[in-house]
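Enquirer: Residue 253 in full-length UniProt numbering sits at position 253 of the sequence shown; the count goes up by one each step and never skips.
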Amino acid sequence: MSGSSSEDASNTLRILVATDCHLGYMEKDEIRRHDSFRAFEEICSIAEQKQVDFLLLGGDLFHENKPSRSTLVKAMEILRRYCLNDQPVQFQVVSDQTVNFANSFGHVNYEDPHFNVGLPVFSIHGNHDDPAGVDNLSAIDILSACNLVNYFGKTVLGGSGVGQITLYPILIRKGSTSVALYGLGNIRDERLNRMFQTPHAVQWMRPEAQEGCQVSDWFNILVLHQNRVKTNPKNAINEHFLPRFMDFIVWGHEHECLVDPQEVPGMGFHITQPGSSVATSLIEGESKQKHVLLLEIKGNQYRPTKIPLASVRPFEYTEVVLKDEPDIDPNDQNSILEHLDKVVSNLIKRSGQKAVNKSELKLPLVRVKVDYSGFMTINPQRFGQKYVGKVANPQDILIFSKISRKDQKEAKIDDSERLRPEELNQQNIEALVAEHNLKMEILPVNDLDIALHNFVNKDDKMAFYSCVRYNLEETRNKIARDSDSLKFDEKDIIVKVGESLQARNLYPT
Numbered sequence: 001m002s003g004s005s006s007e008d009a010s011n012t013l014r015i016l017v018a019t020d021c022h023l024g025y026m027e028k029d030e031i032r033r034h035d036s037f038r039a040f041e042e043i044c045s046i047a048e049q050k051q052v053d054f055l056l057l058g059g060d061l062f063h064e065n066k067p068s069r070s071t072l073v074k075a076m077e078i079l080r081r082y083c084l085n086d087q088p089v090q091f092q093v094v095s096d097q098t099v100n101f102a103n104s105f106g107h108v109n110y111e112d113p114h115f116n117v118g119l120p121v122f123s124i125h126g127n128h129d130d131p132a133g134v135d136n137l138s139a140i141d142i143l144s145a146c147n148l149v150n151y152f153g154k155t156v157l158g159g160s161g162v163g164q165i166t167l168y169p170i171l172i173r174k175g176s177t178s179v180a181l182y183g184l185g186n187i188r189d190e191r192l193n194r195m196f197q198t199p200h201a202v203q204w205m206r207p208e209a210q211e212g213c214q215v216s217d218w219f220n221i222l223v224l225h226q227n228r229v230k231t232n233p234k235n236a237i238n239e240h241f242l243p244r245f246m247d248f249i250v251w252g253h254e255h256e257c258l259v260d261p262q263e264v265p266g267m268g269f270h271i272t273q274p275g276s277s278v279a280t281s282l283i284e285g286e287s288k289q290k291h292v293l294l295l296e297i298k299g300n301q302y303r304p305t306k307i308p309l310a311s312v313r314p315f316e317y318t319e320v321v322l323k324d325e326p327d328i329d330p331n332d333q334n335s336i337l338e339h340l341d342k343v344v345s346n347l348i349k350r351s352g353q354k355a356v357n358k359s360e361l362k363l364p365l366v367r368v369k370v371d372y373s374g375f376m377t378i379n380p381q382r383f384g385q386k387y388v389g390k391v392a393n394p395q396d397i398l399i400f401s402k403i404s405r406k407d408q409k410e411a412k413i414d415d416s417e418r419l420r421p422e423e424l425n426q427q428n429i430e431a432l433v434a435e436h437n438l439k440m441e442i443l444p445v446n447d448l449d450i451a452l453h454n455f456v457n458k459d460d461k462m463a464f465y466s467c468v469r470y471n472l473e474e475t476r477n478k479i480a481r482d483s484d485s486l487k488f489d490e491k492d493i494i495v496k497v498g499e500s501l502q503a504r505n506l507y508p509t
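(1) Pull the bridge partners of Val156 from the DSSP assignment, please.
(2) Beta strand (DSSP E) containing Gly384: first to last residue?
(3) Put Val99 into one of helix, strand or coil per three-state DSSP.
(4) Mind listing, in chain order, the continuous alpha helix (DSSP H) runs of no fewer than 4 residues lying wholly within the region 147-222?
(5) Any chance the region 208-228 sits against the region 175-183, with 3 or more Cβ pairs inside 8 Å?
(6) With a cut-off of 8 Å on the beta carbons, I'd call Lys298 and Asp8 a contact; round off their distance for me.
(7) To the nearest angstrom, how far is the alpha carbon of Pro88 from that of Leu119?
(8) Between Glu239 and the rest of its own chain, which residues show a CB-CB distance below 6 Å, the 5 nearest in sequence each way excluded?
(9) If I measure Cβ to Cβ from Asp189 and keep anything under 7 Å in the same chain, skipping five residues before and after, which residues do I get?
(10) Out of Asn116, Leu143, Val117 and Glu474, state which residue places its alpha-carbon closest to the alpha-carbon of Asp129.
(11) Where do the N-terminal and C-terminal ends of the alpha helix (DSSP H) with Glu141 fall, by residue?
(12) Any chance you could list the alpha helix (DSSP H) runs of at least 4 consecutive residues sitting entirely within the region 62-109, in chain order?
(13) Within this structure, are the beta carbons of Leu365 and Leu282 separated by less than 8 Å?
(14) Over what stretch of residues does the alpha helix (DSSP H) that includes Tyr372 continue unbroken?
(15) Distance, Cα to Cα, Tyr168 vs Glu48?
(16) Since Val162 and Thr198 should fall inside the 8 Å C-beta cutoff, what is the C-beta to C-beta distance between them, to a whole number of angstroms?
(17) Give the straight-line distance between the Cα atoms of Ile336 and Arg469, rounded to the nearest whole angstrom.
(18) Helix, strand or coil for Asp447 per DSSP?
(19) May I have the straight-line CA-CA distance separating Phe91 from Leu13, to the nearest angstrom?
(20) Quick check on this structure: which residue in Phe115, Thr155 and Val134 has the alpha carbon closest to the alpha carbon of Ala145?
(21) Would the beta-carbon of Leu222 fall within 8 Å of that of Ile249?
(22) Okay, do the region 36-50 and the region 321-328 touch, 3+ Cβ pairs below 8 Å being the bar?
(23) Could you give the residue range of the alpha helix (DSSP H) that holds Ala18?
(24) Compute the Euclidean distance between the alpha carbons of Ile43 and Arg69, then round it to the nearest angstrom.
(25) In chain order, what residues of the same chain have a beta carbon less than 6 Å from the beta carbon of Lys402, not counting five sequence neighbours either side?
(26) Is the Cβ-Cβ distance between Phe152 and Ile124 less than 8 Å?
(27) Measuring CB atoms only, is the region 275-293 touching the region 22-39, in the sense that at least three cross pairs come out at less than 8 Å?
(28) With C-beta atoms as the reference, is Leu322 less than 8 Å away from Val370?
(29) Counting pairs of beta carbons, one from the region 309-323 and one from the region 340-355, are three or more of them closer than 8 Å?
(30) Please return the same chain residues whose Cβ sits closer than 6 Å to the Cβ of Met246, not counting the five positions on each side in sequence.
(31) With 16 as the cutoff for other CB atoms within 10 Å, does His255 come out buried or exposed?
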């Protein structure tokens with residue numbers, strides 16, 4: 001890209017990219033309750049300072065599926081403060097906006113004559129703030145209804161079997177630069193994995209050729225929020241599933257900051273993984289410096305600039321293998337305590353040395369992963385009491401494991417999964433049904449499992465009602481599709497119900 005000039009500025013689309021803000025995380029913790037909001041406000045402030053055209057969010061704006069009133073109010077206050085102003089919007093949305101935006105207004109928020117939107121925000125949903133309930137609404141729908149956020153990537157599942165989705169891009173023009181922005185809000189990884197491997201299950205709509213603008217002139221961006229770590233290939237999305245016509249991928253959901261765009265061999269596109277703006281799991285991947293990405297696009301070329309976040313609470317992580325430490329006696333617990341005290345003290349000191357502004361020092365997060373093979377453990381909470389007022393997480397500084405050093409590579413893979421603890425232990429209903437050899441006649445086990453997960457973890461009181469209603473409707477539709485359905489006797493109908501259940505078990509929702 002050439003140097004800056006007035007002509008270049010009028011043809012260059014400037015986007016600030018961030019993901020996984022998790023607003024409301026630890027909101028009941030006196031020390032950490034404001035961390036997510038400070039980071040998000042800094043992101044919006046950077047967008048304002050850099051005079052970007054819009055802010056692009058890659059999902060999990062909220063930590064809870066049903067954010068508290070306090071969290072919603074704070075989020076709205078930040079968005080109002082930075083998004084509503086008299087700054088002119090320099091780009092146009094030239095696609096069918098009623099298709100792009102899943103709300104009753106059917107247009108981008110800055111075109112509303114009743115609002116002065118100077119900083120448009122575009123966001124997909126993640127797995128934390130995904131649509132739920134009878135009306136399939138997300139917390140982001142609330143922000144969209146308030147005209148603060150342009151919510152896109154909310155797909156409508158159609159077809160039969162594994163299902164079918166169609167992705168329509170938001171077509172954005174600024175001067176001579178044309179960008180096709182695709183959004184794919186979070187879908188269960190196992191299902192989306194099968195859809196990508198099923199012909200025509202995922203349809204990508206390309207911009208139509210127009211006078212002076214061919215299909216190849218569009219710079220194609222995809223924003224998605226899925227598993228990228230391949231611990232289980234069926235529970236992650238392979239980069240090679242994505243279409244080759246893409247130019248740039250924004251990958252949300254993974255919290256480790258890998259913001260520098262990486263080329264995928266043989267695919268022709270680059271992927272950025274900005275990571276989370278707040279540490280939600282105290283593991284090694286979260287201890288890296290947090291960044292957002294300034295993406296400047298002119299024609300078919302782009303220039304990435306990573307910008308560090310200064311408001312993020314410092315986090316120091318290390319691992320200790322007790323048997324490798326010469327100053328520890330396996331039979332003397334005091335020697336273990338003394339050694340771990342030294343480790344923690346050094347981490348606190350290191351955190352202070354890294355601080356740029358000494359007058360605004362924050363209590364650091366500290367995590368020491370201890371391999372205690374052949375040694376006795378100590379009480380982590382009792383150990384942490386002496387660090388109250390010195391660290392932000394005195395109750396869980398230590399985490400004990402019996403993993404050996406030679407297995408640490410595998411352990412790091414396991415750790416990456418701990419970034420998403422909500423995905424663990426989700427097969428309880430399946431285990432229960434298998435244990436008692438129960439036979440479900442209408443409701444698929446997978447759907448019940450999802451309903452229980454939404455009821456417990458997302459406070460969706462209508463989860464089971466929605467599950468029953470959906471499956472009854474699917475069963476009725478399958479029976480009604482047969483032209484001879486009215487001739488069935490009771491036994492034939494039972495057979496049809498069983499066939500419908502079997503099909504939905506093969507392709508769960």
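Ideal Cβ placement from N, Cα and C applies to all residues, glycine included.
All figures in this text were calculated on a predicted structure; none of them were measured in a lab.
Expert: Let me lay it out:
(1) Looking at the DSSP output, Val156 sits in no beta bridge, so it has no partner there.
(2) Gly384 -> not in any beta strand (DSSP E); alpha helix (DSSP H) instead, spanning Pro380 to Gly384.
(3) DSSP places Val99 in helix when its eight states are reduced to three.
(4) Segments of the alpha helix (DSSP H) lying fully in the region 147-222: 189-196.
(5) Taking 8 Å as the limit for Cβ pairs, the verdict is that the region 175-183 does touch the region 208-228.
(6) About 7 Å separates the two Cβ atoms, so the contact holds.
(7) Their backbone Cα atoms lie some 9 Å apart in a straight line.
(8) Closer than 6 Å at the Cβ level, and outside the excluded window around Glu239, lie Val264.
(9) So the list reads Gln226, Asn227, Asn235, Ala236 and Ile237, once near-sequence residues are dropped.
(10) Selected option, being the one with the closest Cα: Leu143.
(11) This sequence places Asp at residue 141; Glu is not what is there. Counting along the chain, the alpha helix (DSSP H) containing Asp141 begins and ends at Ala139 to Ala145.
(12) Those alpha helix (DSSP H) runs which fall completely within the region 62-109 and span 4+ residues are 69-83 and 97-100.
(13) By the CB criterion at 8 Å, Leu365 and Leu282 fall inside the cutoff.
(14) Counting along the chain, Tyr372 falls outside any alpha helix (DSSP H), and DSSP gives it neither H nor E.
(15) Put simply, the backbone Cα of Tyr168 is about 29 Å away from that of Glu48.
(16) Going by Cβ atoms, the distance from Val162 to Thr198 rounds to 5 Å, so yes, they are a contact pair.
(17) In a straight line, the C-alpha of Ile336 is about 57 Å away from that of Arg469.
(18) Asp447 falls in the helix class under three-state DSSP.
(19) Going from the Cα of Phe91 to the Cα of Leu13 covers about 8 Å.
(20) The residue from Phe115, Thr155 and Val134 with its alpha-carbon nearest to that of Ala145 is Phe115.
(21) Taking 8 Å as the Cβ cut-off, Leu222 and Ile249 qualify as a contacting pair.
(22) Segments in contact, no.
(23) Counting along the chain, Ala18 falls outside any alpha helix (DSSP H), though it belongs to the beta strand (DSSP E) covering Leu13 to Ala18.
(24) Rounded to whole angstroms, the separation of the alpha carbons of Arg69 and Ile43 is 22 Å.
(25) Taken in chain order, the residues that qualify are Ser373.
(26) Taking 8 Å as the cut-off, the beta carbon of Phe152 is found closer than this to the beta carbon of Ile124.
(27) Judged by Cβ distances under 8 Å, the region 275-293 makes contact with the region 22-39, as three or more pairs qualify.
(28) Result yes, Cβ atoms of Leu322 and Val370 sit closer than 8 Å.
(29) Touching, per the Cβ criterion.
(30) Only Asn220, Leu222 and Phe269 meet the Cβ criterion.
(31) Buried, because 16 or more other Cβ atoms sit within 10 Å of the Cβ of His255.
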